[in-house]
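Trainee: Each residue of the sequence shown is one higher than the one before, starting from 11 at the first, in my numbering.
Glycine included, every Cβ here is placed at the ideal spot set by N, Cα and C.
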Amino acid sequence: MGALDAVAGRVAGGATVAFRPSGSSMVPLIRSRQHVVVAPVAPSKLEAGDIVLARVAGTVYLHLVSAVDPARKRVQISNNRGRINGWTSHDRVFGICVAVDGVTRSGAEGKTLAADTNDSS
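(1) With 16 as the cutoff for other CB atoms within 10 Å, does Thr26 come out buried or exposed?
(2) For Asn2, I'd like the list of residues in its chain whose CB is within less than 8 Å of its CB, leaving aside the five on either flank, ordered along the chain.
(3) Within 10 angstroms of its Cβ, does Gly105 collect 16 or more other Cβ (buried), or is it exposed?
(4) If you follow the alpha helix (DSSP H) that Asp15 is in, where does it begin and where does it stop?
(5) Provide the residue span of the beta strand (DSSP E) that contains Ile94, from first to last.
(6) Tell me, please, which residues DSSP counts as bridged to Ser88.
(7) Could you tell me the boundaries of the beta strand (DSSP E) in which Gly117 lies?
(8) Going by beta carbon distance, what residues of the same chain come within less than 7 Å of Val78, once the five residues before and after it are set aside?
(9) Just to check my reading of the structure: Ala109 and Val47 have Cβ atoms closer than 8 Å, yes? What is that Cβ distance to the nearest angstrom?
(10) Could you check what DSSP says for Pro80 in three-state terms: helix, strand or coil?
(11) Using 10 angstroms around the beta-carbon of Ala118, count the other beta-carbons present and answer buried if the total reaches 16, otherwise exposed.
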């Protein structure tokens, strides 16, 4: 179980979680070890360009929504370097990134569910 699996479990349980993910697949939107805040999301409100915490083919990613398929209740997840991770159902989308290093992500407003703040930075 990876670090993002634990975060996903907490967000799926209703917590808003702050953490510092590592990796370079989301540069320049998120750089390695930047402070991010992820809140529970209403998946039906997602749009391409949203950054979400989602499970795709058994792996949890903090990646972009690159396409939506409302009829089949699923979204396509990709990194910011052109790699498509795949499609995943709404029930495997745990949260939406609402802030990076204290800067609110535009487009996240109105897509979150009511949540308790649980900062783990």
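Mentor: Taking the structure as given:
(1) Position 16 of the sequence shown holds residue 26. Flag for Thr26 reads buried.
(2) Because the chain here runs from 11 to 131, residue 2 falls outside it and cannot be looked at.
(3) Counting from one through the sequence shown, the residue named residue 105 turns up at place 95. A residue is called buried when at least 16 other Cβ atoms come within 10 angstroms of its Cβ; Gly105 meets this threshold and is buried.
(4) For this step, residue 15 is matched to residue 5 along the sequence shown. Annotation: the continuous alpha helix (DSSP H) that includes Asp15 extends over 13 to 22.
(5) Position 84 of the sequence shown holds residue 94. Segment 94 to 99, the beta strand (DSSP E) holding Ile94.
(6) Taking the sequence shown and counting its residues from 1, the one referred to as residue 88 is at position 78. Note: Ser88 sits in a beta bridge opposite Leu74, Ile94.
(7) Residue 117 sits at position 107 when you count from the first residue of the sequence shown. Per DSSP, Gly117 belongs to no beta strand (DSSP E) and is neither H nor E.
(8) One-based indexing of the sequence shown puts residue 78 at position 68. Same-chain partners within the cutoff: Leu56, Glu57, Ala58, Val85.
(9) Residue numbering aside, residue 109 sits at position 99 when the sequence shown is read from its first letter. Residue numbering aside, residue 47 sits at position 37 when the sequence shown is read from its first letter. 4 Å between Cβ atoms; contact.
(10) Numbered from its first residue, the sequence shown carries residue 80 at position 70. DSSP places Pro80 in helix when its eight states are reduced to three.
(11) The residue you call residue 118 lines up with position 108 of the sequence shown. So Ala118 ends up on the buried side.
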